[in-house]
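> One structure coming up, written as structure tokens, with questions to follow.
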Amino acid sequence: MKSSSIPHSTGEAPLTGGWRPIPNVAAPTVVDIGKFAVDEHNKNDHTSLKFEKVTKGESQVVAGMNYKLTITAEDGSVNNNYEAVVWVKPWQKFRQLVSFKGPV
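Structure below.
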């Protein structure tokens, strides 16, 4: 996994525990995390969603970073929105899908 920081909208240092909006959900790191969430969901739930894009995102500083993303994915011929939370520790090359809900 590439190590890069996600800028916060206010320019302030992130607060531990608080969710902060991700201003650029099209950033390669955010898109990569969104694709990871869909791939993990497909593996765990034996589904075949196809990642389309991240439409909204928030980050939360924990022991690493949580990313709460609203993801558009194709389910057959229908596009639906899903909410995923992914825990990332870039210095350990660690990612874990915490939750995947939807369609929302």
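Start counting the sequence shown at 23; every next residue gets the next number (this note's numbering). Think of the CB as a built atom: it goes at the ideal place given N, C-alpha and C, for glycine as much as any other residue. As the structure is a computational prediction, the values presented were derived from the model and not from experiment.
#1: With distances taken Cα to Cα, identify the nearest neighbour of T100 among S70, K57, K111 and G56.
#2: Could you spell out the range, first to last residue, of the beta strand (DSSP E) harbouring I44?
#3: Looking at the structure shown, is A95 part of a helix, part of a strand, or coil, going by DSSP?
#4: Nearest-angstrom Cα distance between K57 and G39?
#5: Out of curiosity, what's the CA-to-CA distance linking L91 and E74?
#6: Given this structure, state the Cα-to-Cα distance separating V84 from G98, to the nearest angstrom.
#7: Could you pull out every unbroken beta strand (DSSP E) segment of at least 3 residues lying fully inside the region 48-85, listed in chain order?
#8: Whole-angstrom Cβ separation of K78 and V47, contact assumed at under 8 Å?
#9: Do F122 and H63 come within 7 Å of each other at the CB atom, strictly closer than that value?
Result, derived from the coordinates:
#1: Within the sequence shown, residue 100 is the residue found at index 78, counting from 1. Checking the displayed sequence, the identity of residue 100 turns out to be Val instead of Thr. Out of S70, K57, K111 and G56, S70 has the C-alpha closest to the C-alpha of V100.
#2: Looking up residue 44 in the sequence shown gives position 22. Looking at the DSSP string, I44 is not in any beta strand (DSSP E), and its letter there is neither H nor E.
#3: For this step, residue 95 is matched to residue 73 along the sequence shown. Judged by DSSP in its simplified three-state form, A95 adopts strand.
#4: Residue mapping note: residue 57 aligns to position 35 of the sequence shown, counting from 1. Residue mapping note: residue 39 aligns to position 17 of the sequence shown, counting from 1. Between the alpha carbons of K57 and G39 lies a distance of about 24 Å.
#5: Indexing the sequence shown from 1 puts residue 91 at position 69. Indexing the sequence shown from 1 puts residue 74 at position 52. So the alpha carbons of these two residues sit roughly 13 Å apart.
#6: Indexing the sequence shown from 1 puts residue 84 at position 62. Indexing the sequence shown from 1 puts residue 98 at position 76. About 35 Å.
#7: For secondary structure counted as the beta strand (DSSP E) over 3 or more consecutive residues, the region 48-85 holds these complete runs in sequence order: 72-84.
#8: Translated into the one-based positions of the sequence shown, residue 78 becomes position 56. Translated into the one-based positions of the sequence shown, residue 47 becomes position 25. The pair is a contact, with the Cβ atoms about 6 Å apart (cut-off 8 Å).
#9: For the purposes of this step, residue 63 is taken as residue 41 along the sequence shown, with counting starting at 1. For the purposes of this step, residue 122 is taken as residue 100 along the sequence shown, with counting starting at 1. In this structure, H63 lies near F122, with their beta-carbon atoms less than 7 Å apart.
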